[in-house]
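The listed protein sequences derive, respectively, from chains P and G.
Sequence positions in the first sequence follow the working numbering and run 1 to 299.
Sequence positions in the second sequence follow the working numbering and run 1 to 278.
Even for Gly, the Cβ is constructed at its ideal location relative to N, Cα and C.
What follows is a short report on a single structure.
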Amino acid sequence: MTDVAAARSDRSVGKRLAARGFDGTTLLVLPGLVAIIALFIYPFLFGLYDSLRPKAGEWYANYAAFFSDPFQRDTIWATLLLALPATIVNLAFAVPIAFRVRLMRRQKLLTTILVLPITLGTVLVADGLLNFLGPRGWFNRVLMLIDVIHTPLRLTNNYWGVFASLVITGFPFAFLLTLSYVSGIDPAIEQAAATLGARARQRFTHIFMPLLVPGLAVTFCLSFVQAFAVFPSAILLGAPAGPTRVISIAAYHAAFELYDHSLGAAIAMIMAAVQLIVVVAVLGARALFYRGSASGTKG
Amino acid sequence: MIRDQGIGSRLWRFAIWAIVGLFVLNLVGVIASVIVDSFATRWLGTWLPAGWTVSWYADAWSQFQLGDVVQVTFEIAFCVVVISALLGVTTAYALARRDFAGKRLVILIFLLPLLVPPLTYGIPLATLLYQIGLGSTFWGVVLVNLVPSVPFVVLVMIPFIEQIDPRIEAAARVFGARTPSLFGRILLPLLIPGILSALLLVLVRTLAMFELTFLVSGPSTQTLVVALYYSVFASGVRAAQSIDAMAVVYMVTTLIWLVLALQFVSPTQIVARARPQN
Numbered sequence: 001m002t003d004v005a006a007a008r009s010d011r012s013v014g015k016r017l018a019a020r021g022f023d024g025t026t027l028l029v030l031p032g033l034v035a036i037i038a039l040f041i042y043p044f045l046f047g048l049y050d051s052l053r054p055k056a057g058e059w060y061a062n063y064a065a066f067f068s069d070p071f072q073r074d075t076i077w078a079t080l081l082l083a084l085p086a087t088i089v090n091l092a093f094a095v096p097i098a099f100r101v102r103l104m105r106r107q108k109l110l111t112t113i114l115v116l117p118i119t120l121g122t123v124l125v126a127d128g129l130l131n132f133l134g135p136r137g138w139f140n141r142v143l144m145l146i147d148v149i150h151t152p153l154r155l156t157n158n159y160w161g162v163f164a165s166l167v168i169t170g171f172p173f174a175f176l177l178t179l180s181y182v183s184g185i186d187p188a189i190e191q192a193a194a195t196l197g198a199r200a201r202q203r204f205t206h207i208f209m210p211l212l213v214p215g216l217a218v219t220f221c222l223s224f225v226q227a228f229a230v231f232p233s234a235i236l237l238g239a240p241a242g243p244t245r246v247i248s249i250a251a252y253h254a255a256f257e258l259y260d261h262s263l264g265a266a267i268a269m270i271m272a273a274v275q276l277i278v279v280v281a282v283l284g285a286r287a288l289f290y291r292g293s294a295s296g297t298k299g
Numbered sequence: 001m002i003r004d005q006g007i008g009s010r011l012w013r014f015a016i017w018a019i020v021g022l023f024v025l026n027l028v029g030v031i032a033s034v035i036v037d038s039f040a041t042r043w044l045g046t047w048l049p050a051g052w053t054v055s056w057y058a059d060a061w062s063q064f065q066l067g068d069v070v071q072v073t074f075e076i077a078f079c080v081v082v083i084s085a086l087l088g089v090t091t092a093y094a095l096a097r098r099d100f101a102g103k104r105l106v107i108l109i110f111l112l113p114l115l116v117p118p119l120t121y122g123i124p125l126a127t128l129l130y131q132i133g134l135g136s137t138f139w140g141v142v143l144v145n146l147v148p149s150v151p152f153v154v155l156v157m158i159p160f161i162e163q164i165d166p167r168i169e170a171a172a173r174v175f176g177a178r179t180p181s182l183f184g185r186i187l188l189p190l191l192i193p194g195i196l197s198a199l200l201l202v203l204v205r206t207l208a209m210f211e212l213t214f215l216v217s218g219p220s221t222q223t224l225v226v227a228l229y230y231s232v233f234a235s236g237v238r239a240a241q242s243i244d245a246m247a248v249v250y251m252v253t254t255l256i257w258l259v260l261a262l263q264f265v266s267p268t269q270i271v272a273r274a275r276p277q278n
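Following this line, the structure appears as structure tokens:
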């Protein structure tokens, strides 16, 4: 007994740490970790602290000002009104299309085309949509050519322009994420179901859907959060003083045009809180569904 | 592969491909309208412009000082790529090789900047940088761009390093390799494909990163995409073709690197890498 105890105390601190996974190699994590804590975690906490130190009034004055002014408060609804329908539309199209593309042999051309708008970003898409959807753009001309409409639709500098930009960048994002989830489901599972006589619709609702729900919940959250932070296209393609005055415009305006960084930080915190509420709600709903392996063998 | 041949599923299949076709057509239309307009002499109310010219490129190059802007853009992107490679690869190595208490928390910390949209954390971050005097400076722009880049490199590199057998390193140690030569002659050659693809994607993302650069950059530290935003924002001041010529310059500088990156990774991975890998 005493020998064992002596041996234990003999072991150096370094060795004991190494047994728990801390040694020289573990320290390599530090440079990157310090950088992210300094540039991401700390600024976020600083923003929270800054938002509670308003220019004048009580500690909650910024939040009170935001929620009591309808012009500011309504930006939350304006943003939700853009982000939720756009996310739902993107996901509703992404799922069936991903199921079809999964069977395609040469996916790379399609996926490469679809990755273009994500890579090029919203500013370029906004510039292109201003031409394309404008009253004399190709979109309206084609619709007039096939006699769907007789006068050009007004699709820029309003809600629909921003919505179009959210679909053009958001759909490929949702689609590629869904595709990676769908491809992760073992085809043997579907074949087993088909062998047992399940029709296409049954295979989808009873086999794929339950396996896909966790992935779809994550895809929904990521797509929604991106759409909720819409900024350049809401200014360039929308009506930034009217129906598309989204919450990020309000935050930017407060922080860098009114030079009230405390109020700007407060609006950024409200923005983060709304995103968090929606994400928690979606992930909470996900817990109601099946969770388990999507691979066929030894599952 | 299972295919139903009923009329209903044929119609369904046709509808799906029709929607894909329509989407791609619109997407190509959006991009093509920028390219066509940049070569147009005059384009008002017709299907195609009245005539073709390349003079808008020279016009845009001198009016928007694109030479300077492109130079600054690549200087910033180069610094971001080098720093995020150094920080990201070392961190990823530690996370791939060691299991320690709090590792999940560390991974979560690296995941968050990729999941939270830039504008949400960008406003407090930019405020902070302006307060310590780094606002609108070159290094300020580099620092903000590190926030999404370092975690991106970390998360791309972790599975890459995990697949390298630790026994290779052990064998090198047995034969007397010291840490520098172990890294330089064993690990680096094995990791080069992964590092290269991660860095190319960081380069593409930095060139296209609008929100963070926009919040921090000043007049002399604008990247191409921010300069493009300002010119579209003030459209009417300059000819639309001139702005579109600049947009094409931006597109070309970004897409070159994307095409290179796609030699190493599939497009699905560009998006899907950002999700948790447990």
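One alpha carbon belongs to residue 200 (chain P), the other to residue 106 (chain P), and they sit about 23 Å apart. Assignment of beta-bridge partners to residue 52 (chain G) by DSSP yields G:40. In the structure shown, residue 137 (chain G) falls within a coil segment according to DSSP collapsed to helix, strand and coil.
Among the CB atoms of chain G, one or more fall inside 8 Å of the CB of residue 26 (chain P). Among the CB atoms of chain P, none fall inside 8 Å of the CB of residue 133 (chain G). For residue 218 (chain G) and residue 249 (chain P), the gap between their C-alpha atoms comes out near 19 Å. For residue 9 (chain G), a Cβ of chain P is located within less than 8 Å of the residue's own Cβ.
Rounded to the nearest whole angstrom, the CA to CA distance from residue 69 (chain P) to residue 38 (chain P) is 34 Å. For residue 206 (chain P), the three-state secondary structure derived from DSSP is helix. By the rule that beta-carbons nearer than 8 Å mark a contact, residue 149 (chain P) does not touch chain G.
Interface criterion not met: the Cβ of residue 206 (chain P) is under 8 Å from no Cβ in chain G. Put simply, the segment 44 to 60 of chain G does not touch the segment 113 to 127 of chain G. Fewer than three CB pairs are less than 8 Å apart. Judged by beta-carbon spacing, residue 242 (chain G) lies beyond the 8 Å limit of residue 205 (chain G), meaning their Cβ atoms are not closer than that value. If you draw a straight line from the Cα of residue 98 (chain P) to the Cα of residue 153 (chain G), it comes to about 27 Å. Rounded to whole angstroms, the gap between the alpha carbons of residue 9 (chain G) and residue 202 (chain P) is 13 Å.
Interface criterion not met: the Cβ of residue 169 (chain G) is under 8 Å from no Cβ in chain P. Shown here, residue 18 (chain G) sits in a helix according to DSSP, grouped into three states. Any Cβ of chain G closer than 8 Å to the Cβ of residue 83 (chain P) would place that residue at the interface, and such an atom is absent. A straight-line Cα-Cα distance of about 33 Å links residue 197 (chain P) and residue 171 (chain P).
In this structure, the CA atom of residue 192 (chain P) is about 21 Å from the CA atom of residue 104 (chain P).
Against chain P, the CB of residue 251 (chain G) has a partner CB under 8 Å away; the residue lies at that interface.
At least one CB of chain P lies nearer than 8 Å to the CB of residue 268 (chain G). With a cut-off of 8 Å on Cβ pairs, the segment 26 to 34 of chain P is not in contact with the segment 234 to 254 of chain P, counting fewer than three such pairs. With a cutoff of 8 Å on beta-carbon distance, residue 33 (chain G) and residue 128 (chain P) are scored as near each other. By the neighbour-count criterion, in which 16 or more other beta carbons inside 10 Å mark a residue as buried, residue 92 (chain P) falls on the exposed side. Residue 125 (chain P) reaches chain G at 30, counting residues in chain order whose Cβ is nearer than 7 Å.
Pairing residue 126 (chain P) with residue 165 (chain P) gives a Cβ-Cβ distance under 8 Å. Taken through DSSP and simplified to helix, strand or coil, residue 65 (chain G) comes out as coil. Ranked by Cα distance from residue 162 (chain G), the options G:190, G:113 and G:31 are led by G:190.
Between the C-alpha atoms of residue 165 (chain G) and residue 181 (chain G) there is a straight-line separation of about 17 Å. In the structure shown, residue 25 (chain P) adopts coil according to DSSP, grouped into three states. At a cut-off of 8 Å between beta-carbon atoms, residue 80 (chain G) makes no contact with chain P.
Neighbours of residue 93 (chain P) in chain G, taken as residues at a C-beta separation under 7 Å, are given in chain order as 19. In summary, residue 247 (chain G) is buried, with 16 or more beta-carbon neighbours lying within 10 Å of its beta-carbon over all protein chains present. Neighbours of residue 220 (chain G) across chain P, judged by C-beta separation under 9 Å, do not exist; the nearest C-beta is about 18 Å away. The residues 203, in chain order, have a CB closer than 8 Å to that of residue 194 (chain P) in the same chain once the five nearest residues on each side in sequence are set aside.
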